[in-house]
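Below is one structure; the comments refer to it alone.
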Amino acid sequence: MIDLKEYEVWFVTGSQELYGEETLRQVAEDSQKIVEGLSRSGELPVRVVFKPVVTSPQAIYNLCTDANNTKGCIGLITWMHTFSPAKMWIAGLKALQKPFVHLHTQFNRNLPWASIDMDFMNLNQSAHGDREFGFIGSRMRLERKVVVGHWQDEDVLSQLATWTRAACAWSDLQSVRVARFGDNMREVAVTEGDKVEAQIRLGYSVYGFGIGDLVDAVDQVTDAEIDKLVAEYEHRYTVAKTLQKGGDQRPALREAARIELGMRAFLQDGRFTAFTTSFEDLHGLVQLPGLAVQRLMADGYGFGAEGDWKTAALVRAMKVMGAGLEGGASFMEDYTYDLDLKNPKVLGAHMLELCESIADKKPSLEMHPLSIGGKADPVRLVFGVRSGPAINATILDMGNRFRMVVNEVDVVQPDGPLPKLPVARAVWIPRPDLKTAAAAWILAGGAHHTGFSQVLTTGHLEDFAEMAGMEFLAITDQTHITEWKKELRWNEMYYLLAKGL
């Protein structure tokens, strides 16, 4: 469903006419070689497109407006091979609506000490030109990432790859349509928010539907379609005996397939790539959509429970960022704690809806009672999550801004079997420790719903938040509550004053 090769990033080199044709020809050749090198590296998940060297205000402006109008362009990689007077860039950067990353590099890695002359100096003066370009970005208060180092370095390639993945998610978010089946869970605060402001600032739009609209789509599913999907279930998962052909719970499995097919058709017909449900809005459905949600997320859809449209959009963005990487992203919830004195940890789960893309092995397809929602027992996939580093992220509406909070965690295995917990789950130790992380999360107003990933890093989400103009807070190994409180206070002051800049 998500193919990042549909996107491209433009490599833009700045110079000026002053240097003459021979130097500018060499600048262009060097830039093309860098583009070829970035492409051959295989690190960047998108196409890298060489653009002719820009040497005038009009050329820069035209390029930036062309980028705005090119659907597949996610942004620019900018580099000043020579000196490029930055007043030339003002009109273009004012017009640019796509993000850009400033690559502070140099074509040659080492200086030719024995032969270096002024011709070499005039050609290779990124140390000079990039500082001029950096000033105008700061003077114009432009959000951008600065990557420093030789363009062949592993660290530089990694940072560019991280940025391009975030830029893909940002580009995708501008056309995301979130379907909201039912309303917000009643009396819950953190899942509410300003949908109009979200569309203005973040690009995506939220559409509300009565559950009857979904029921109509579910009722149109044919038995032949159900037969085909159930056969796929049996091939893909370990199916509990009671759900197998002839089992007394087989009708429930067919009903789960009917719900998935109806929901999938509804989302496809409406061009939705994210959605929400709520167990308080199920009239007309036989069971709470569990299996359907899990499988749709595995196909790249964003999801939020209880009407949580902000988390649905975040999970979609994380799906795009991680496309093509081994592993996945999922809706998640901090559910309960193990407050062991030596090794406290979090058990993350939800009623049903974790994505199979994070499963540690072949999921088991089971049906068990659900003591909430007042409907028939639902079918769901049951699995654990592999050990290793991960992140949990949430987005909040703070009234005058959106805030993203990320916690770096380490997934571990449960201390023992969980025979009576028939839902997908993950167990993790938050960094720097549970007490500090939980306190910092609560002080920041972090939600109980999150986007979880073992393939993305804090860097991906930080780049994404910067593109979105969103406040970003990270809970890491270095977090201390005293300093965290200061950061919250400083940020509050900044966002109250920033509109005056």
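Residue numbers (this note's numbering): 479 to 979. Ideal placement from N, C-alpha and C gives every residue a C-beta, glycine not left out. What you are looking at is a predicted structure, and each value in this text was computed from that prediction instead of being measured.
Going by C-alpha positions, F781 is about 16 Å away from D759.
In this structure, the CA atom of L843 is about 36 Å from the CA atom of T954.
Annotation for E500: the continuous alpha helix (DSSP H) segment containing it runs 499-519.
For R518, the closest C-alpha among the options L830, G826, H582, L635 is that of L635. With fewer than 16 other CB atoms across the displayed protein chains lying within 10 angstroms of its CB, Y972 is exposed. Here the alpha carbon of L651 sits roughly 16 Å from the alpha carbon of D786. If you compare the alpha carbons of F659, D697, W919, T548 with that of A952, the shortest gap goes to W919. Between the stretch 499-511 and the stretch 583-601 there are three or more inter-stretch CB-CB distances shorter than 8 Å, so the stretches are counted as touching. In the DSSP annotation of this structure, the continuous segment of the beta strand (DSSP E) that includes A827 starts and ends at 823-827. In this structure, G802 and L516 do not form a Cβ contact; the two beta carbons are roughly 17 Å apart against a cut-off of 8 Å.
Here the C-alpha atom of Y539 lies approximately 14 Å from the C-alpha atom of W488. Listed as beta-bridge partners of N885 by DSSP are N870, I953. In this structure, C542 is the residue among T548, G553, C542, N547 with its C-alpha nearest to the C-alpha of M566. Given a length threshold of 3 residues, each whole run of the beta strand (DSSP E) inside the stretch 922-953 is given here in chain order: 927-931, 949-953. In the three-state DSSP reduction, I480 falls in the coil class, being neither helix nor strand. The way I'd put it, the stretch 659-679 doesn't touch the stretch 642-649; fewer than three beta-carbon pairs between them come closer than 8 Å.
Taking the C-beta atoms as reference points, V860 is found nearer than 8 Å to P900.
Within its own chain, the residues whose Cβ lies closer than 6 Å to the Cβ of T872, once the five positions on either side in sequence are excluded, are V883, G924, A925, T928, listed in chain order. For I552, the secondary structure class from DSSP, reduced to helix, strand or coil, is strand. Listed as beta-bridge partners of M558 by DSSP are G492. The beta carbon of S808 lies closer than 6 Å to those of L832, C833, I836, F930 in the same chain, with the five residues before and after it left out. Across the set K549, C551, V490, the C-alpha of V490 shows the shortest separation from the C-alpha of S534. In this structure, the straight-line span from the alpha carbon of M796 to that of L934 is close to 8 Å. Going by DSSP, A752 is part of no alpha helix (DSSP H) but of the beta strand (DSSP E) stretching over 752-754.
When the beta-carbon positions are compared, T755 and G660 come within less than 8 Å of each other. In the three-state DSSP reduction, D597 falls in the helix class (H, G or I).
Nearest Cα to N870 within the set I850, V905, V857, G852: V905. Taking C-beta atoms under 8 Å as the contact rule, H580 and T560 fail to qualify, at a distance of about 15 Å.
In the three-state DSSP reduction, T814 falls in the strand class (E or B). Going by C-alpha positions, G612 is about 23 Å away from E632. Shown here, E784 sits in a helix according to DSSP, grouped into three states.
Rounded to whole angstroms, the Cβ separation of Y715 and P841 is 5 Å, and the two are in contact under 8 Å. Taking Q494 as reference, the option from Y485, A564, I512, I552 with the minimal CA-CA separation is A564. Here DSSP, grouped into helix, strand and coil, assigns Y972 to helix. In terms of CA proximity to H958, A915 leads the group I568, G866, A915, D893. In the three-state reduction of the DSSP assignment, S842 falls in the strand class.
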